[in-house]
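Going letter by letter, the sequence shown gives residues 816 to 944 in the working numbering. In what follows, a single structure is set out as structure tokens and then discussed.
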Amino acid sequence: MTNYILDSSAWIHYFLGDVNGEKVKKIVEDEKNECFTSTLTISEIIIKLKKFNVDYEKAFERILALSKTLVLDERLAFEAGVLYAKKRSNIPDIGIVDVIIQTHAREGNYIIITSDEKHFKDEKNIILI
Numbered sequence: 816m817t818n819y820i821l822d823s824s825a826w827i828h829y830f831l832g833d834v835n836g837e838k839v840k841k842i843v844e845d846e847k848n849e850c851f852t853s854t855l856t857i858s859e860i861i862i863k864l865k866k867f868n869v870d871y872e873k874a875f876e877r878i879l880a881l882s883k884t885l886v887l888d889e890r891l892a893f894e895a896g897v898l899y900a901k902k903r904s905n906i907p908d909i910g911i912v913d914v915i916i917q918t919h920a921r922e923g924n925y926i927i928i929t930s931d932e933k934h935f936k937d938e939k940n941i942i943l944i
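This is the structure we're talking about:
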């Protein structure tokens with residue numbers, strides 16, 4: 816079984832049903848894979864889906880059906896803060912949620928699925944869509 820963590824861009828492509836979304840669909844709907852989503856990512860997804868007039872309530876239910884949620888605990892928050900401070904020197908516009916996803920991925924040995932090359936470029940386990 817392969818473990819993946821999806822960032823908001825991956826889910827947005829999935830719900831828009833574009834070419835990159837089809838790539839994501841093959842991964843998240845394959846029963847041999849286990850997918851994870853940060854609870855913070857869910858907030859980002861809902862905000863973006865509202866802009867695209869996508870039924871975000873159905874999207875939310877679909878995310879919960881296709882992935883397990885990851886909650887940010889105190890230790891992971893600390894580690895993300897340290898990593899964020901380090902990454903800001905090279906990537907000034909990186910967001911904390913992207914760093915939290917990276918911290919979850921490192922902790923759980925997950926492969927990150929994203930279309931955000933700029934903010935995830937130095938991660939080893941990544942599928943860029």
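Just so you know, even glycine gets a beta-carbon here, dropped at the ideal spot from N, CA and C.
The Cβ atoms of T852 and S882 lie closer than 8 Å to each other.
For S930, no beta strand (DSSP E) segment is defined, and its DSSP state is neither H nor E. Residue burial annotation: T817 is exposed, with fewer than 16 other C-beta atoms found within 10 angstroms of its C-beta. Excluding five sequence positions before and after A874, the CB atoms of its chain that fall closer than 8 Å to its own CB belong to W826, F830, I860, I861, L864, given in chain order. By the 16-neighbour rule on beta-carbons within 10 angstroms, V914 is buried.
In the structure shown, E849 adopts extended strand secondary structure according to DSSP, grouped into three states. By a beta-carbon distance limit of 8 Å, L898 contacts T918. Their separation comes to about 6 Å. Taking a 10 Å sphere around the C-beta of F935, we find 16 or more other C-beta atoms and assign the residue as buried.
The beta carbon of T854 sits closer than 6 Å to those of T884, V886, all from its chain and outside the five residues before and after it, given in chain order.
For L887, the secondary structure class from DSSP, reduced to helix, strand or coil, is coil. In the DSSP annotation of this structure, the continuous segment of the alpha helix (DSSP H) that includes I911 starts and ends at 911–923.
Classified as exposed, A892 has fewer than 16 neighbouring CB atoms from the shown chains inside 10 Å of its CB.
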